[in-house]
Amino acid sequence: MPVSTRRPWLKGLGRPRPIAIRRGLGIFVLLVAATLAAADLLNPDSGYVRVFASARDLQAGKTIEKADIVQRDFPRDLVPKNALREEKDLVGKTVALPVSAGELISHNRLVSSQLAEELTGEQNSKIVAVTPAEAGVVAVLHAGDLVDIIAGETEKTSTAPLAHGARVVNIIEEEIVLIALPSGAAELVATASLDSPLTLLITG
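Put into structure tokens, the structure is as follows:
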């Protein structure tokens, strides 16, 4: 008598069905996503961070408006520590150095104490706007130049040096010179500019 090779209890245990395969793949994808998310939380140097970038080219002297900036997600490893992430830190601030469209905006691009401190190497430094008595000197000045600042003679005061080796940050509208100065010298220059013409002597 022939022996039957059928195994009715194995019915359904053969080749996996397409639905089961799709479900398995879906679960696998979810597990991978969860693992990557957990890795981002455990490793703060991975993933992306949302910061502000320039929506268009911004020239020195420009007062930043909301339409000038846009939020972008950048790889965390490519974002400098001083990149600005809050709108309040940008809107209403003055651009000190040109910013290209799409470029991340940091304190180093704005008229700020951070930029002044970086240029002078001293804490509590400031950036002062100076309109030189001799308009011609502005034409030969460049960002990064060193200048001496001298107060002109008035009815009450004589010519007096105010600062030596001050760093030029930038020139705005071909007449205003932004200069980084240490605390003390910055206030002295700002006050003197109200009462007397200021002369800039290029020293380096």
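All the letters of the sequence shown, read from the start, carry residue numbers -17 to 186 under the working numbering. Think of the CB as a built atom: it goes at the ideal place given N, C-alpha and C, for glycine as much as any other residue.
Contact check, residue i vs residue j under 8 Å by CB: the rounded distance?
i, j, result
"L144", "V171", "5 Å"
"A148", "A142", "Not quite, the Cβ-Cβ distance comes to about 15 Å (not below 8 Å), so this is no contact."
"N33", "R67", "The sequence given here places Val at residue 33; Asn does not occur at that position. Their Cβ separation, rounded to whole angstroms, is 5 Å, which keeps V33 and R67 in contact under 8 Å."
"P114", "V159", "6 Å"
"G43", "E155", "6 Å"
"V120", "I153", "6 Å"
Would you tell me roughly how many angstroms separate the C-alpha atoms of residue i and residue j, rounded to the nearest one?
i, j, result
"L86", "D55", "10 Å"
"V176", "I131", "Before going further, note that residue 176 is Leu rather than Val in the sequence given. Those two C-alpha atoms are separated by around 14 Å."
"E116", "P57", "47 Å"
"I184", "L79", "20 Å"
"Q96", "V61", "17 Å"
"D59", "S88", "16 Å"
"L182", "E47", "32 Å"
"E100", "A125", "14 Å"
"Y30", "E69", "18 Å"
"A49", "E104", "34 Å"
"A174", "K63", "36 Å"
Does the distance from the CB of residue i to the CB of residue j come in under 8 Å?
i, j, result
"V73", "L40", "no"
"V52", "A65", "no"
"V150", "L180", "no"
"R38", "A83", "yes"
Three or more beta-carbon pairs under 8 Å between the segment 161 to 170 and the segment 101 to 117, yes or no?
The answer is yes - the segment 101 to 117 touches the segment 161 to 170, with three or more Cβ pairs under 8 Å.
Entirely enclosed alpha helix (DSSP H) segments - the segment 105 to 180, minimum 4 residues:
Unbroken alpha helix (DSSP H) runs of no fewer than 4 residues, entirely contained in the segment 105 to 180, are found at 118 to 122 and 167 to 177, following chain order.
Counting only runs that start and end within the segment 37 to 62, where is the beta strand (DSSP E) found for 3 or more residues in a row?
Runs of the beta strand (DSSP E) inside the segment 37 to 62: 51 to 57.
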